[in-house]
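Just so we're aligned, residue -13 is where the sequence shown starts under our numbering, counting upward by one.
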Amino acid sequence: MYARWQADPEGFWAEAAKAIDWIEAPKAILDDSRKPLYSWFPGGKVNTAWNCLDRHVEGGRADQDALIYDSPVTGTKTRYTYRELRDKVAELAGWLRDRGVVAGDRVIVYMPMVPEALFAMLACARLGAIHSVVFGGFAAKELATRINDAKPKAIISASCGVEPGRTVAYKPLLDEAIELASFKPEFTLIWQRPMLAASLVEGRDFDWGKVVPGTAPADCVPVASTDPLYVLYTSGTTGIPKGVVRDNAGHMVALAWSMKNIYGAAPGEVFWAASDVGWVVGHSYITYGPLLIGATTILYEGKPVGTPDAGAFWRVIEEYNVRTQFCAPTAFRAIKKEDPEGKLLADYDISCLRTLFLAGERADPDTIQWAEDKVKVPVIDHWWQTESGWPMAANMVGVELLPVKYGSPTCAVPGYDIRVLDNDNNEVKRGDIGSIVVKLPLAPGALPTLWQNDDGFIRSYLQDFPGYYKTGDAGYIDEDGYIYVMSRTDDIINVAGHRLSTGGMEEVLSYHPDVAECAVIGAADQLKGQVPVGFVVLKAGVNRPDEEIEKELVRLVRDKIGPVAAFKTVTVVKRLPKTRSGKILRGTMRKIADSEQWSMPATIDDPIILDEIAESLRNIGYAKSEKGAA
């Protein structure tokens, strides 16, 4: 299959494009007239909501479950058939239409894991409006940067999110974000949850439950195949936000193809991506992928442990006859930590499960082997990014299951010509580590650009390796073509599947009045993959206890970036290790923290400082084995 794609990529994707309904067929398969910017399926007209909902209602799946909502944190379970989901989406789209939302308008969706989040995304798609989902509970400052960049006509939100043991009020965060933002939305629509009502601003805020029901439904609006479906902001948003654009047609073609060939999923089956709609997985494989092929998708408002215990996933799999599950390795590390013997599994029958997929961060062999031993089905690590929108490397269950090599997401999938290059743009030898890149053009479904920022797209992804897309990951390819993704090549760390910028955390730490300079590194963590560890140098003359300042700094990062950063460790040091030009040696600090072999940088200003950093790290539980400099 890969060779067939290589031989005739346009023919390959033209065949795949038959899986979706076209209002007008594309005039070409690939437009390469604006290199290095490419467009797939130019000249066509489509509607994503039609392909996810209406065509299944008309094609015999009207009474099949489309969406199953399971919320152990609220004790709620609801099912929606394809007809019911179509009607809910069309009604909401009708209300938005009546408020003046038209094709091309942006709508920010700031929601918890509730069905209304999917209604909102699909209602935007129905109208041709461009949605931008922001993870529910994100700090007001981060939300404000996205408002300024997307310039939304409307924001759809909820009164609160529900976490185990606590309720998180969203409306005060939303109000603060709108106040901070220089751009103001015309109106907001608020879903009032029973556990906490939000106060509404008259004239600007509308109560969903009072205004939407009974609205005349909206029809699907035809849009150009290359028009944006959504914008999703990814790491690097502390300065100019990076809004990843996803087009309509290429996205549908790629996702429908991936559901069958990568995941081995079929129409009518239950597919469960245990993610959040705020992340790309929630877009691709909760909202769009399963619905495009007529499968049933699960929206789970809970955790792998604690809601109520480490058997939560097993219950969902058994209760809904889940055939394919997809989650982050972190989830299984958490289950393993709580129930290392897998004793709770004995209470459930999960024989319905055919495959377990892991992605979002590097899946360590120990976690994969533990999961294989417990679930007794293939456990598939696969690799992709917000930017790609769907897997770039995977063991393609729907085509042929290749032998598993632990630590590798297997091989490149059709659509992605993956290479490993050195800094001079030359391919390295098999087995040698370098920068992982993808030869242009990227596959359908991958980002065509950044939101209103072609120059930023080229600068961030295409400039360093001309003719290639820079993934920002480092690794190697072995003799069998298996890809090994080892680490990020920049300062983005991966905390439980969430890519976060250490630079963003440093920016927050530097706000503190007592801090002169700081550095944040990503240290290896058994449960979360990586956790941020902060180092601060205090200003001269500060006489307060270090512990008091450290607590304030942790709280500051939590307030400004949110709990998702998992920022819990910061230590006061006398000075930071730097090169003579003033660059902080974060990479060396990380190696010391992780007890890896490290080399003394030739450009270091004062080597003694690294000994001081190592001592500080040992005091907070890192650098446990003193391997020292190589």
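From the three backbone atoms N, C-alpha and C, an ideal C-beta is built for every residue, glycine too.
If you're wondering where the values come from, they're calculated on a predicted model, not measured in any experiment.
*Compute the Euclidean distance between the alpha carbons of residue 66 and residue 101, then round it to the nearest angstrom.*
Counted from its first residue, the sequence shown places residue 66 at position 80. Counted from its first residue, the sequence shown places residue 101 at position 115. So the two alpha carbons sit approximately 9 Å from each other.
*residue 629 to residue 46, Cα distance in whole Å?*
What is shown of the chain runs -13 to 616, which leaves residue 629 out entirely.
*Quick one: does the C-beta of residue 9 sit closer than 7 Å to a heavy atom of the ligand ADP?*
Among the components modelled here there is no ligand, and therefore nothing to report on the ligand ADP.
*Measure how close the beta-carbons of residue 217 and residue 234 come, nearest whole angstrom, since I'm counting them as under 8 Å.*
Position 231 of the sequence shown, counting from 1, holds the residue named residue 217. Position 248 of the sequence shown, counting from 1, holds the residue named residue 234. Contact flag wrong, Cβ pair sits at about 13 Å.
*Grab the span of the beta strand (DSSP E) containing residue 285 for me, first residue to last.*
Residue 285 sits at position 299 when you count from the first residue of the sequence shown. According to the DSSP assignment, residue 285 belongs to the beta strand (DSSP E) that extends over 282 to 286.
*With contact counted as at least three CB pairs below 8 Å, one residue from each stretch, are the segment 162 to 181 and the segment 190 to 203 in contact?*
Taking a cut-off of 8 Å on C-beta distances, the segment 162 to 181 touches the segment 190 to 203, as three or more cross pairs fall below it.
*Out of curiosity, what's the CA-to-CA distance linking residue 573 and residue 284?*
Here residue 573 is taken as the residue at index 587 of the sequence shown, counted from 1. Here residue 284 is taken as the residue at index 298 of the sequence shown, counted from 1. Cα atoms of residue 573 and residue 284: separation of roughly 40 Å, rounded to the nearest angstrom.
*State the start and end residues of the unbroken alpha helix (DSSP H) segment that holds residue 78.*
Working through the sequence shown from its first residue, we reach residue 78 at position 92. Start and end: 68 to 84.
*Using only alpha-carbon positions, find the residue among 289, 254, 316 that is nearest to residue 307.*
As a position in the sequence shown, residue 307 is number 321, starting the count at 1. 254 is the residue among 289, 254, 316 whose C-alpha sits nearest the C-alpha of residue 307.
*residue 505 bridges to which residues according to DSSP?*
Walking along the sequence shown from the start, residue 505 turns up at place 519. Note: residue 505 sits in a beta bridge opposite 521.
*Would you kindly check if the distance between the Cβ of residue 68 and the Cβ of residue 48 is under 8 Å?*
For the purposes of this step, residue 48 is identified with residue 62 of the sequence shown, where counting begins at 1. For the purposes of this step, residue 68 is identified with residue 82 of the sequence shown, where counting begins at 1. Yes, the Cβ-Cβ distance between residue 48 and residue 68 is below 8 Å.
*Over what stretch of residues does the alpha helix (DSSP H) that includes residue 437 continue unbroken?*
Taking the sequence shown and counting its residues from 1, the one referred to as residue 437 is at position 451. Premise fails: residue 437 is in no alpha helix (DSSP H) and is neither H nor E.
*According to DSSP, is residue 214 helix, strand or coil?*
As a working mapping, residue 214 is identified with position 228 in the sequence shown. If DSSP states are grouped into helix, strand and coil, residue 214 belongs with the strands.
*Please state whether DSSP places residue 341 in a helix, a strand or coil.*
For the purposes of this step, residue 341 is taken as the residue at position 355 of the sequence shown. Reduced to three states, the DSSP call for residue 341 is strand.
*Exposed or buried, residue 381, counting other C-beta atoms within 10 Å across all chains shown (16 or more means buried)?*
Position 395 of the sequence shown, counted from the start, is the residue given in the question as residue 381. Buried, because 16 or more other Cβ atoms sit within 10 Å of the Cβ of residue 381.
*To which residues of the same chain is residue 14 closer than 6 Å at the C-beta, ignoring the five residues directly before and after it?*
Sequence index remark: in the sequence shown, residue 14 carries index 28 (1-based). 28.
*Terminal residues of the continuous alpha helix (DSSP H) containing residue 353?*
For the purposes of this step, residue 353 is taken as the residue at position 367 of the sequence shown. Residues 351 to 361.
*Is DSSP giving residue 270 helix, strand or coil here?*
In the sequence shown, the residue the question calls residue 270 occupies position 284. In the structure shown, residue 270 adopts helical secondary structure according to DSSP, grouped into three states.
*Where does residue 31 fall in DSSP's three states?*
Residue numbering aside, residue 31 sits at position 45 when the sequence shown is read from its first letter. Residue 31: strand per DSSP, three-state reduction.
*If you follow the beta strand (DSSP E) that residue 38 is part of, which residue opens it and which one closes it?*
Within the sequence shown, numbered from 1, the residue matching residue 38 stands at position 52. First-last for residue 38: undefined, no H or E at that position.
_Cut-off 6 Å between Cβ atoms - residues of its own chain near residue 207, not counting five sequence neighbours on either side_ = In the sequence shown, the residue the question calls residue 207 occupies position 221. Excluding residues within five positions, the ones whose Cβ falls inside 6 Å are 89, 113, 114.
*asked:* Can you look up residue 206 in the DSSP assignment and give me helix, strand or coil?
replied: If you number the sequence shown from 1, residue 206 lands on position 220. If DSSP states are grouped into helix, strand and coil, residue 206 belongs with coil.
*asked:* For residue 129 and residue 153, which I take to be in contact (beta-carbon distance under 8 Å), what is that distance rounded to the nearest angstrom?
replied: Sequence index remark: in the sequence shown, residue 129 carries index 143 (1-based). Sequence index remark: in the sequence shown, residue 153 carries index 167 (1-based). Incorrect: roughly 19 Å between the Cβ atoms, too far for contact.
_Residue burial classification, residue 332 (beta-carbon count within 10 angstroms, cutoff 16)_ = Against the sequence shown, residue 332 aligns to sequence position 346. Classification for residue 332: exposed.
*Taking C-alpha atoms, which residue in 422, 232, 584, 544 lies nearest to residue 211?*
Residue numbering aside, residue 211 sits at position 225 when the sequence shown is read from its first letter. Closest by alpha carbon: 232.
_Cutting at 8 Å between CB atoms, please list the residues of its own chain near residue 73, excluding the five before and the five after it._
One-based indexing of the sequence shown puts residue 73 at position 87. Excluding positions up to five away in sequence, the list reads 203.
*Return helix, strand or coil for residue 371, following the three-state DSSP convention.*
What you label residue 371 is simply residue 385 of the sequence shown in a count that begins at 1. In this structure, residue 371 counts as coil in the three-state DSSP scheme.
*Going by beta carbon distance, what residues of the same chain come within less than 6 Å of residue 536, once the five residues before and after it are set aside?*
Your numbering for residue 536 matches position 550 in the sequence shown. Answer for residue 536: 556, listed in chain order.
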